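In our numbering, the protein residues as written are -14 to 507.
Below is one structure, written out as structure tokens, with a few remarks after it.
Structure (structure tokens):
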């Protein structure tokens, strides 16, 4: 149909030299007049196609018209509500028609609206408990006006009458357009599209000599190239990472997504019967299902302190399971990597070699030097938990963790350090609440006042690592280690105003939102 319409426009121009009003066209295949809104959209598409080939030029004229609403269409067909009410009533002097009978005769809506308008026009009167006709004849002006609007889109009576019909929601105003068309520089009655590419077949057959080619615009801008963009999580991650580096921390290697239950739980003094180790909380591997053995000396000390106690602890007093310890799993926290790094740090101390045998003696140049060196370590990486996914939880997320090891550290050092760290993140108003963790004692939950949410929100967990965890590694007795951890997704959601984590990461993520997300500073 588009080609037929284009041909009609060209033939009309060829015969008349100009087309003053496209509303006079008879669109092929359509019964609606060319003045209708949909018809003008169809005509505009045909004009733009011809304009792009410089076959025509056209001018646009704005026009305002009115169309009937469904209620208006009903009135044109059946009469106005007031006229229908008048027609249903008996003549004066006859038995009046009651309200309920009137509703049954014309319908609830027509009776409700028409009764008032009929009274106002003086068409009906009340007698007794009912109504009768007050005049023998009426003129249904509303129906007559709507028929005029339906045929012409306007009213000869003027804007006041149109405004009244709009107020009654019987018509709506619709803006439209029509066009004046003239010949263009490449005018032709043929609508054959010019070629856009020179092909091998054209060169072989020689058809290119008779072909018409579309004019190329070498000054047109090319398609903008889309560069890469950092995801909001990566922006917040980079900000937190820079804070750690600024404070003298060293980043831990955390690429080991698959860990053994020994490093993820046992080395951290998490009991083997802890609920976090059950299938509903942890993803276990089926193939391979077991890990290599950790250093034998260290493994024996860890199993002994779990089962029988030691280093001032009575342990858990439950049988040790080697099968439980060697299970492979997707790590539930990056503290598993922290435990491995602390073990390597302790291995440098005097009296411990790399396989974890404390009985082996190193030959230190200075007998008073036990080989320990303070360390500040951090990591930001993925962890996995068998969570039920909802607006704030996923089975895979990021954990931010910091660890400080030094002699004679106290809880006051931990609180002071966290205040400094979070102040650099823009969180100055902090609160600390006692908590329980299997591998830290004392333990603290960290809360901050969030000005956007206007409430206290939990932002992390912290504590001093227990002697039952550190002593089997071989640290000197005066060495203390404190650590803390926060999530990465939740601060990012708050910072960027995201209320559903599934729109921040995953297949529902908007690439456009990622590209337009500002580089937010805490």
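A virtual CB, placed ideally from N, CA and C, is assigned to each residue, including glycine.
Just so you know, these numbers come straight off a predicted model, no measurement behind them.
In the DSSP assignment, find the alpha helix (DSSP H) that holds residue i and state where it starts and stops.
{"i": "residue 402", "result": "396 to 409"}
{"i": "residue 378", "result": "Per DSSP, residue 378 belongs to no alpha helix (DSSP H) and is neither H nor E."}
{"i": "residue 106", "result": "93 to 106"}
{"i": "residue 329", "result": "320 to 332"}
{"i": "residue 366", "result": "Taken as a continuous stretch (DSSP letters only), residue 366 belongs to no alpha helix (DSSP H), being part of the beta strand (DSSP E) at 360 to 369."}
{"i": "residue 152", "result": "144 to 152"}
{"i": "residue 70", "result": "66 to 73"}
{"i": "residue 499", "result": "496 to 501"}
{"i": "residue 10", "result": "That residue, residue 10, is in no alpha helix (DSSP H); it is neither H nor E in DSSP."}
{"i": "residue 134", "result": "126 to 137"}
{"i": "residue 185", "result": "185 to 190"}
{"i": "residue 140", "result": "Counting along the chain, residue 140 falls outside any alpha helix (DSSP H), and DSSP gives it neither H nor E."}
{"i": "residue 307", "result": "307 to 310"}
What's the gap between the Cα of residue i and the Cα of residue j?
{"i": "residue 441", "j": "residue 492", "result": "32 Å"}
{"i": "residue 254", "j": "residue 451", "result": "8 Å"}
{"i": "residue 10", "j": "residue 26", "result": "13 Å"}
{"i": "residue 308", "j": "residue 496", "result": "45 Å"}
{"i": "residue 457", "j": "residue 247", "result": "13 Å"}
{"i": "residue 184", "j": "residue 151", "result": "59 Å"}
{"i": "residue 287", "j": "residue 460", "result": "14 Å"}
{"i": "residue 164", "j": "residue 126", "result": "34 Å"}
{"i": "residue 504", "j": "residue 369", "result": "27 Å"}
{"i": "residue -9", "j": "residue 37", "result": "13 Å"}
{"i": "residue 417", "j": "residue 435", "result": "15 Å"}
{"i": "residue -3", "j": "residue 63", "result": "42 Å"}
{"i": "residue 1", "j": "residue 157", "result": "36 Å"}
{"i": "residue 443", "j": "residue 227", "result": "22 Å"}
{"i": "residue -11", "j": "residue 8", "result": "16 Å"}
{"i": "residue 377", "j": "residue 384", "result": "15 Å"}
{"i": "residue 299", "j": "residue 264", "result": "28 Å"}
{"i": "residue 140", "j": "residue 146", "result": "7 Å"}
{"i": "residue 379", "j": "residue 484", "result": "13 Å"}
{"i": "residue 344", "j": "residue 410", "result": "Interpretation of residue 344 is limited by its pLDDT of 45, a score under 50 that renders its predicted location unreliable; the figure taken from the coordinates is listed afterwards. Each residue's alpha carbon lies about 45 Å from the other."}
{"i": "residue 519", "j": "residue 323", "result": "Because the chain in this structure spans residues -14 to 507, residue 519 falls outside the shown range and cannot be described."}
{"i": "residue 35", "j": "residue 178", "result": "10 Å"}
{"i": "residue -5", "j": "residue 28", "result": "13 Å"}
{"i": "residue 448", "j": "residue 272", "result": "35 Å"}
Taking residue i as part of the beta strand (DSSP E), name the residues at either end of that continuous run.
{"i": "residue 446", "result": "440 to 450"}
{"i": "residue 112", "result": "109 to 112"}
{"i": "residue 465", "result": "464 to 472"}
{"i": "residue 314", "result": "313 to 315"}
{"i": "residue 198", "result": "Residue 198 -> no beta strand (DSSP E), and no H or E assigned at all."}
Let me check one thing: in DSSP terms, what residues is residue i bridge-paired to?
{"i": "residue 417", "result": "431"}
{"i": "residue 157", "result": "52"}
{"i": "residue 41", "result": "168"}
{"i": "residue 493", "result": "Note: residue 493 sits in no beta bridge, so no partner."}
{"i": "residue 426", "result": "Per DSSP, none; premise fails for residue 426."}
{"i": "residue 3", "result": "167"}
Roughly how far, in whole angstroms, is the beta-carbon of residue i from the beta-carbon of residue j, given that I think they are within contact range, below 8 Å?
{"i": "residue 477", "j": "residue 218", "result": "5 Å"}
{"i": "residue 386", "j": "residue 364", "result": "5 Å"}
{"i": "residue 128", "j": "residue 72", "result": "Incorrect: roughly 12 Å between the Cβ atoms, too far for contact."}
{"i": "residue 389", "j": "residue 467", "result": "6 Å"}
{"i": "residue 4", "j": "residue 166", "result": "4 Å"}
{"i": "residue 321", "j": "residue 244", "result": "5 Å"}
{"i": "residue 314", "j": "residue 249", "result": "6 Å"}
{"i": "residue 359", "j": "residue 398", "result": "Not a contact, Cβ separation roughly 12 Å."}
{"i": "residue 465", "j": "residue 394", "result": "4 Å"}
{"i": "residue 50", "j": "residue 159", "result": "6 Å"}
Counting contacts by CB-CB distance shorter than 8 Å, is residue i in contact with chain D?
{"i": "residue 219", "result": "The chain inventory of the structure shown lacks chain D, comprising one protein chain alone."}
To test your reading of the DSSP string, which unbroken beta strand (DSSP E) runs of 3 or more residues are found completely within the stretch 203 to 281?
Entirely contained in the stretch 203 to 281, the beta strand (DSSP E) runs reaching 3 residues are, in chain order, 243 to 245.
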